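Trainee: Dropping the structure in here first, questions after.
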Amino acid sequence: MNIVKWARLKSPWLLHFNTGACNACDIEVLAALTPRYDLERFGALLKASPRHADVLVVTGPVTRQVKDRLLRVYNQMPDPKFVVAVGTCCISGGVFNGCYNVYPGLDSVIPVDAYIFGCPPKPEAIINGVVALLKKLEGS
Amino acid sequence: MNENEISEALKSKFGNNILETKTSKRRVFINISTKVYKDVIRYLVEELGFNHVQTITGVDVGNFIEIMPHLGRGVTVTVKTRIEKNRPALSTITDIVPGASVHEREIHDILGVVFEGHPNLTRIILPENWPEGVYPLRKDYTPEQPVPMKEVS
Amino acid sequence: MYPLLELLQILIFPGILFAIFLAFIYEWLDRKIYAKFQNRVGPLYTGPMGILQPFADFVKLLAKEDIVPNDVDKPLFNILPIFALTLSLTGFLALPIISLKGIISFNGDLIFLIVLMTLICIVVIYAGVSSSNRFSTVGAERAALQLLGYEIPMMLSVVSVGIMANSMWIYEIVSIQSNTFWFLIGPGILGFAIFIICGQAELERIPFDIPEAETEIVAGWLTEFSGRKFALFRLTRNVELLYLSGLAVTLFLGGPSGPIILGLEPILYPIYFLIKTLFVLFLLTTLRALFARLRIDQMVNFSWKYLIPIAILHILFVRVIF
Amino acid sequence: MQKEELRSEDKKSSYELFFDIPVGPQHPALKEPAFFKFKVEGERVIGVDADVSYNHRGIEKALEQRNYIQNIYLIERICGICNVAHTLCYAQAVEQIHGKEIPPRANYIRLMIEELARIHSHTLWLGVAAHEIGFDTLFMYVWRDREVVMDLIEMLTGNRVTTAINTIGGVRRDVSDEAKYKVKKGMDILEERLKYYKKVAINDPTINARCSGVGILKPRDAIKLCAVGPTLRASGIKNDVRADDPYALHDEVPFNVITYDTMDVLARVLVRVDETLESVNMVRYCVDHMPSGEVKIKLPLSPPIGESVSRVEAPRGELIHYARSNGTNKPERYKVRTPTFENIPSVCEMLTSKNGYEVNIADIPITLASIDPCFSCTARMEFRDVSKGKTWIWSLEELKAHCKKKGI
Amino acid sequence: MSMLKEIQKSLFKKKATVLYPFKEREKVHIPEGLRGKIVFDREKCTGCLLCSRFCPSGACEIVVDEKGKRPIFHLELCLFCAQCQEVCPKGAIKLTEEFELAAFDKKAFTIR
Ligand code: SF4
Ligand code: SF4
Ligand code: SF4
Ligand code: SF4
Ligand code: SF4
Ligand code: SF4
Ligand code: SF4
Ligand code: SF4
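Residue numbers (this note's numbering), protein chains in the order written: chain V, 1366 to 1505; chain A, 175 to 327; chain P, 48 to 369; chain W, 52 to 459; chain L, 307 to 418.
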């Protein structure tokens, strides 16, 4: 495995973006950083600036108003970048499915690399999702 | 002051202008005629001490719009008044309780009720580019083409 | 022969390569200790115990796309990261590690080092301004204000050492310490404390991470830097961390000196140096874990109300004794 | 959409001479999108403008389109953090229209879960507030200890956050004796830790520097601007829906209403910490005094014609639901007013410098956070669908048709 | 300085981290009755459609196959609320304790 790829796998920095979630998913993403779960084990850090991040973690249904901002943040991230959709309503709209102000899933707005199901998913499930994404990248 | 005392006090003060009262445990619903709306609110806030506006609900009921401020911290007094939909105007209560401001702006946004005397009746809920004169919560809100979400992006 | 050896010293040991290597190790240690304080494990799966984590971060950032936003000041924006790294590495070269003399050493080099540190901070300000981003600009503004706050007490504490040693030459300072006693055990302790606090501010770490306060202004002056440039800035920070702990050791803890078996100095000196810097690093990390971030005006206030008067008193005190 | 396509657009960063610092959508201080526009002079804040509509999802309208059972889960997702308060308020509103009382055991379970959720919410907030002022170590500690209550909620309800426990006519799960034992043990751990955090909040110099004297809300303004919850109580006003308008057995379970009168962020921290301690005791009381019996009564799907107002003290303050039914299995009008919306005028007041009261940029996050905002619920306004200059509108009929197509 | 004592203590305390997913997997807190992935027993179902009628998000779609009307569950829409389990008269639906639901395909979890 070449060293650049290795480095990428070992250092996934996250940017968390809430597109209109009910907060439950957000607090679970945040919880994944805290002592019991400690995502930093995998080298993951939560970054505030999109310019520094590798993985965009999106929670919540994509509302019309937030779409432009989401695109802007996505574009501000340097390549290579990955997108993880956390929670049912980010994946497909979930309980807000079909509502007039909500897009039917994140993948209709930006390309998505991994989905984590749950409403909200346990922090372990989020970790599992991140690890699965890294494993997939390792293979590719 | 219990529920019945409140409605009695109001009845004795405003007489026929109190159209209907309904009470249940710590809830008072009073129907009043529009012309005493502000006086009733002022009386409730200043004399009876219901100085907290919980919220103001607006409902479209056919030809009328029902405006319902909910007042109080212990017992909730819901004052109901009907205004005509063609001329939806009501005097503001922000001069009595400044905290009612956001609720009146919200109702102005979604039902088009003009609160006369409100210092800053601007958009709070609807986006900046929402067309004037379109009020989403009215029942006669006529639709244009519904656009399925998928084609929008 | 001699020039070659010198070149090797500059480039490899104890020069640039060694500094970078050590900087990575220090960041790892810093993160691990910080995590330990917070009752979690920190980096774990990158190399044994996660020791390669900073290296992986660095390589990843190097390989990432480097976005130059349209309305930045391009020449400045491009050159500043390299400039910053050069400055911090130069500083490191002046520290005595394998002998009582740094690789760069001349009479008055202490002043040169102080200027270097200020320069780094000025680079930071320029970096913020050149990004033309609102957060960056506020970050730069805060960095400038903060500079006003910590620079003076820091200089005063350094000068107090100069007074004690009656010299502004690091070589002499270190040799006096190794001959007599370390300044820490005695009149230097107050100066050491001031230096550590100001060092924390220079490094922009909690409670003084005001210019890059994450919850207030995204990433402050760093907001717009990505890829390589961000990598270089991060490396600069790490080298600076190393350099500042090294400087604290040099000035207050006797530099690389310690009980010596004759003939083994080149081996023992670096070891002593490392042990002492690790101690300083531990102190710095503890401070980071212990506090909340101050507000910029509180920081400046704190500095002018307490740090500077204390530093001045300290100087007077030292002047009277020596 | 493809990555390449998106790439080309944005390489700009904006620069304005007058600094408007946008806090929000995607700003680390707010974990959810809301938009505050601050006017600043140097580091001093001179004006605030709030736009709370970034989270608009269509909930109030959707509520009218679904039946009462489906609405439980939709109401729950107005906010993930105080979902218990929302479902409780909703269930009470509907039960009021039915005119039925639920069994006492169900009430005890409701109250217990409600207070557990309050503990979860307040500790979460304490952690976030610590993070806001850059105190990451405290954040990590608080969230580590919060896992205790998360585990309990998970054990009792089946999910860590969205509990889905309240339903119309009672609760959906019973509490076993083993679970009771575990709850009591958890409460002991929490009590000790909370007392320690209180000590930290009072003693730590940097916390004091950042929190005391910041975000002042005078009692008179608090009443005028209709502040609610801990925000109000930290201004020294004794007011709590649980005490003033007791629901779900709050008149049986003893507790104290906590007030502090320093009116600043520190007071809000202390109010919340003390309230959490009260909640710990209430949970204990519930576990000890829980009667046996049914946990649910069956109610018809469609309530009779009527209306009701239901109030609950959510972790962030008074939550009020207004329901009107027309005799069908779907509500005629359902209105939700959440605590954060009510607190917005107050927070704008706190954030404006005037008359010698100075607000600093660095105070924004902690002041905003001090009302514990939760804009998921704030931006829950009714009917709106504008995107970039294009407007299209649906009638009720079309909405219904659309819903049918979706199988809802 | 109560914080100082605490962080000193934590230097010698056992870490709170559970090394999921690599080690100590068994320490993950999975209580009984966790609402996770749905399993559906097609044999028990009689096609009464109650599950779909009460599903709040439309995750439970009704299709017609050789046995008549039967639900299929789209987990990408599911809220894991267990309303369908509660309402099903035949006990054909159960939410299991399986929570590791990550996929690279949105449609990865469709339960038939
Ligand atoms: S599909 Fe339409 S009517 Fe149904 S809930 Fe969504 S927005 Fe409301
Ligand atoms: S997936 Fe569920 S829990 Fe997560 S944000 Fe959406 S509604 Fe909330
Ligand atoms: S304020 Fe609203 S959104 Fe926030 S927690 Fe409470 S109910 Fe939920
Ligand atoms: S509830 Fe608090 S922590 Fe959660 S999103 Fe809202 S403000 Fe942030
Ligand atoms: S603004 Fe109203 S319609 Fe939109 S999501 Fe919020 S509550 Fe629903
Ligand atoms: S009788 Fe009506 S309400 Fe009851 S299950 Fe059948 S369709 Fe639903
Ligand atoms: S668990 Fe809830 S959302 Fe999922 S299929 Fe069943 S009823 Fe629908
Ligand atoms: S409720 Fe049960 S029996 Fe009825 S259709 Fe659904 S799975 Fe089949």
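Just so it is clear, CB atoms sit at the ideal spot from N, CA and C, and this is done for glycine as well.
If you're wondering where the values come from, they're calculated on a predicted model, not measured in any experiment.
For Lys1432/V, count the other beta carbons within 10 Å of its own beta carbon; 16 or more makes it buried, fewer makes it exposed. Which is it?
Mentor: Lys1432/V comes out buried.
Trainee: Could you tell me which residues DSSP puts in a beta bridge with Arg319/W?
Mentor: BP columns for Arg319/W are empty, so no partner.
Trainee: Please work out which residues of its chain come closer than 8 Å, Cβ to Cβ, to Ser146/P, disregarding the five sequence neighbours upstream and downstream, and give them in chain order.
Mentor: Within the same chain, Ser146/P has close Cβ partners Pro303, Glu312, Pro313 and Tyr316.
Trainee: Touching or not, the segment 274 to 282 of chain P and the segment 124 to 133 of chain P, by the rule of three or more beta carbon pairs under 8 Å?
Mentor: Verdict: yes, contact present.
Trainee: Just the chain P side, please: which residues come within less than 8 Å of Lys319/L by C-beta, in chain order?
Mentor: What Lys319/L touches in chain P: Asn86.
Trainee: When the cut-off is 8 Å and only beta carbons count, does Glu406/L lie next to chain W?
Mentor: Output row for Glu406/L: interface = no.
Trainee: Cα-Cα, which of Asn117/P, Phe84/P, Ala70/P and Tyr92/P is closest to Phe105/P?
Mentor: Measuring from the Cα of Phe105/P, the nearest candidate turns out to be Ala70/P.
Trainee: Going by DSSP in three states, Ala385/W sits in which element: helix, strand or coil?
Mentor: This sequence places Tyr at residue 385/W; Ala is not what is there. Note: Tyr385/W maps to strand in three-state DSSP.
Trainee: Tell me whether Ala1386/V, by its Cβ, gets closer than 7 Å to a heavy atom of ligand 2.
Mentor: Within the cutoff, so yes.
Trainee: Using the Cβ count rule (16 or more neighbours within 10 Å means buried), how would you classify Thr323/L?
Mentor: Its Cβ being crowded by 16 or more others within 10 Å, Thr323/L is buried.
Trainee: Locate the alpha helix (DSSP H) running through Ile126/P, then write down its first and last residues.
Mentor: Start and end: Lys121 to Leu140.
Trainee: Check this for me: beta carbons of Ala181/W and Val199/W, under 8 Å apart or not?
Mentor: Not in contact: Ala181/W and Val199/W (Cβ atoms no closer than 8 Å).
Trainee: Just the Cα atoms here: how many angstroms apart are Trp1371/V and Ala103/P?
Mentor: Rounded to whole angstroms, Trp1371/V to Ala103/P spans 8 Å at the Cα level.
Trainee: Taking 7 Å as the line, does the beta carbon of Leu356/L fall inside it for any heavy atom of ligand 8?
Mentor: Flag set: Cβ of Leu356/L near ligand 8.
Trainee: What do you get for Glu152/W, buried or exposed, if any count of 16 or more other CB atoms within 10 angstroms of its CB means buried?
Mentor: So Glu152/W ends up on the exposed side.
Trainee: Using DSSP's beta-bridge definition, name the partner residues of Val345/L.
Mentor: DSSP output for Val345/L lists Lys400/L as bridge partner(s).
Trainee: Across which residues does DSSP place Cys366/L in a beta bridge pair?
Mentor: In DSSP, Cys366/L forms a bridge with Phe379/L.
Trainee: Helix, strand or coil for Pro256/W? Go by DSSP, reduced to three states.
Mentor: Residue state, collapsed to three classes: helix.
Trainee: Can a CB atom of chain W be found closer than 8 Å to the CB of Val233/A?
Mentor: Output row for Val233/A: interface = yes.
Trainee: Under 8 Å, Cβ to Cβ, is there at least one residue of chain L near Lys79/P?
Mentor: Closer than 8 Å: no.
Trainee: Report the residue from Val208/P, Leu54/P and Phe255/P whose alpha carbon sits nearest the alpha carbon of Leu382/P.
Mentor: Absent from the model: residue 382/P. The displayed extent of chain P is 48 to 369, so no value can be given.
Trainee: Work out the CA separation of His292/A and Ala274/A for me, nearest whole Å.
Mentor: Taking the straight line from one Cα to the other gives about 10 Å.
Trainee: Scan the segment 340 to 375 of chain W and note each continuous alpha helix (DSSP H) run of 4 residues or more that stays entirely inside, going in chain order.
Mentor: Qualifying alpha helix (DSSP H) stretches: none in this window.
Trainee: Say whether chain V places a C-beta atom closer than 8 Å to the C-beta of Gly185/W.
Mentor: Not closer than 8 Å to any Cβ of chain V, the Cβ of Gly185/W fails to qualify, so no.
Trainee: Compare the beta carbon distance of Leu162/W and Ala299/W with 8 Å and say whether it is the shorter of the two.
Mentor: Cβ atoms of Leu162/W and Ala299/W: closer than 8 Å.
Trainee: Less than 8 Å between the beta carbons of Gly246/A and Pro262/A, yes or no?
Mentor: Not closer than 8 Å, so no.
Trainee: Do Leu401/L and Ser205/W come within 8 Å of each other at the CB atom, strictly closer than that value?
Mentor: A quick correction: the sequence has Glu, not Ser, at residue 205/W. No; because the gap between Cβ atoms is not below 8 Å, this pair is not in contact.
Trainee: Using 8 Å as the limit for Cβ to Cβ distance, is Trp176/W near chain V?
Mentor: So no, Trp176/W is outside the interface.
Trainee: Cβ of Pro1469/V versus every heavy atom of ligand 2: is any distance shorter than 7 Å?
Mentor: Because no heavy atom of ligand 2 lies under 7 Å away, the Cβ of Pro1469/V does not count as near it: no.
Trainee: Name, please, each residue of chain L whose Cβ falls closer than 9 Å to the Cβ of Asp202/W.
Mentor: In chain order: His335 and Pro337.
Trainee: Could you pull the start and end residues of the alpha helix (DSSP H) that Glu182/A belongs to?
Mentor: Glu182/A -> alpha helix (DSSP H) spans Glu177 to Phe188.
Trainee: Near Asp196/W, what residues of its chain come up, given a Cβ to Cβ distance below 6 Å and the 5 sequence neighbours on each side ignored?
Mentor: Hits under 6 Å: Arg244.
Trainee: With three or more C-beta pairs closer than 8 Å as the rule, is the segment 1466 to 1486 of chain V touching the segment 1431 to 1445 of chain V?
Mentor: These segments touch.
Trainee: Please state whether DSSP places Tyr408/W in a helix, a strand or coil.
Mentor: Strand at Tyr408/W.
Trainee: Reducing DSSP to helix, strand and coil, say where Lys320/L ends up.
Mentor: Three-state DSSP puts Lys320/L in coil, outside helix and strand.
Trainee: Give a yes or no on whether the minimum CB-CB distance between Val1369/V and chain P is below 8 Å.
Mentor: True, the Cβ-Cβ gap to chain P drops below 8 Å.
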